[in-house]
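Following: one structure in structure tokens, then a few remarks.
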Amino acid sequence: MRIIFRYFFRAIHYTIGPLILLWDKLATPVGVQRPGEVQQQVDSSTRNLVLYQFLMCPFCVTVRRTIKRLSLNIETRDALRDMDSRSQLLQGGGQLQVPCLRITDEQGDVTWMYESRAIVSYLQAEYAAASANAPDSRPPPAR
Ligand SMILES: N[C@@H](CCC(=O)N[C@@H](CS)C(=O)NCC(=O)O)C(=O)O
């Protein structure tokens, strides 16, 4: 069963992957604009996050698009090609599955968050409010 999954993901990787990347390039989401000091606070908070990912993984594309939409500066590490990142993910998180968001809290405790949906929900819960105050996302004034 494992081998079937492996070949299935490999097939996605080399066939659908490039198409997804092309679509992502052509329809790149527009990031929210925040006032400088709000963006600085957001940047300082996202310094504690690292996204382990594969370039052509569709689940990773979903997370990267959310990151783009929310204008977050999050370090990404390629767990396919970069062997150090791959072993960090495996040793820290326990599974070689991407996307995985490494969250380090103020006490230095680390959480390895798997599942694209969980990661998107987490990012939205943490950072969409900071976007809501941004001038570009305010509703236009009533006439
Ligand atoms: N349900 C997961 C699926 C993630 C997933 O299947 N990722 C694939 C890459 S597209 C993976 O990590 N495969 C492991 C491997 O290729 O070794 C999610 O939504 O994040």
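Note that our numbering has the sequence shown beginning at 350, numbered continuously upward.
From the three backbone atoms N, C-alpha and C, an ideal C-beta is built for every residue, glycine too.
Supposed close pair residue i, residue j - CB separation, criterion 8 Å
i, j, result
"F408", "S470", "14 Å between Cβ atoms; not a contact."
"D373", "V410", "5 Å"
"L472", "I416", "7 Å"
"R418", "G443", "With a Cβ gap of about 29 Å, R418 and G443 do not count as contacting."
"T395", "I423", "5 Å"
Pair within 9 Å by beta-carbon distance, residue i and residue j
i, j, result
"Q402", "A428", "yes"
"M462", "C449", "yes"
"R383", "A467", "no"
"Q437", "R430", "no"
Where the alpha helix (DSSP H) through residue i begins and ends
i, result
"Q402", "Premise fails: Q402 lies in the beta strand (DSSP E), 398-402, not in any alpha helix (DSSP H)."
"S377", "Before going on, a small fix: residue 377 reads as Thr here, not Ser. Careful: T377 lies outside any alpha helix (DSSP H) and carries neither H nor E."
"T460", "From DSSP, T460 is part of no alpha helix (DSSP H) but of the beta strand (DSSP E) over 459-463."
"I416", "407-418"
Boundaries (first-last residue) of the beta strand (DSSP E) holding residue i
i, result
"E426", "A quick correction: the sequence has Arg, not Glu, at residue 426. From DSSP, the beta strand (DSSP E) with R426 extends over 424-427."
"M432", "Per DSSP, M432 belongs to no beta strand (DSSP E); it is in the alpha helix (DSSP H), 432-442."
"C449", "449-453"
Option in the options with minimal Cα separation from residue i
i, options, result
"L371", "I452, L472, C406, I468", "C406"
"P378", "I452, Q390, R413, P367", "R413"
"Q440", "G366, D454, T425, T460", "T460"
"V387", "L421, R355, I369, N397", "L421"
"Q456", "F358, G385, N397", "N397"
"P367", "L445, L404, V447, R355", "L404"
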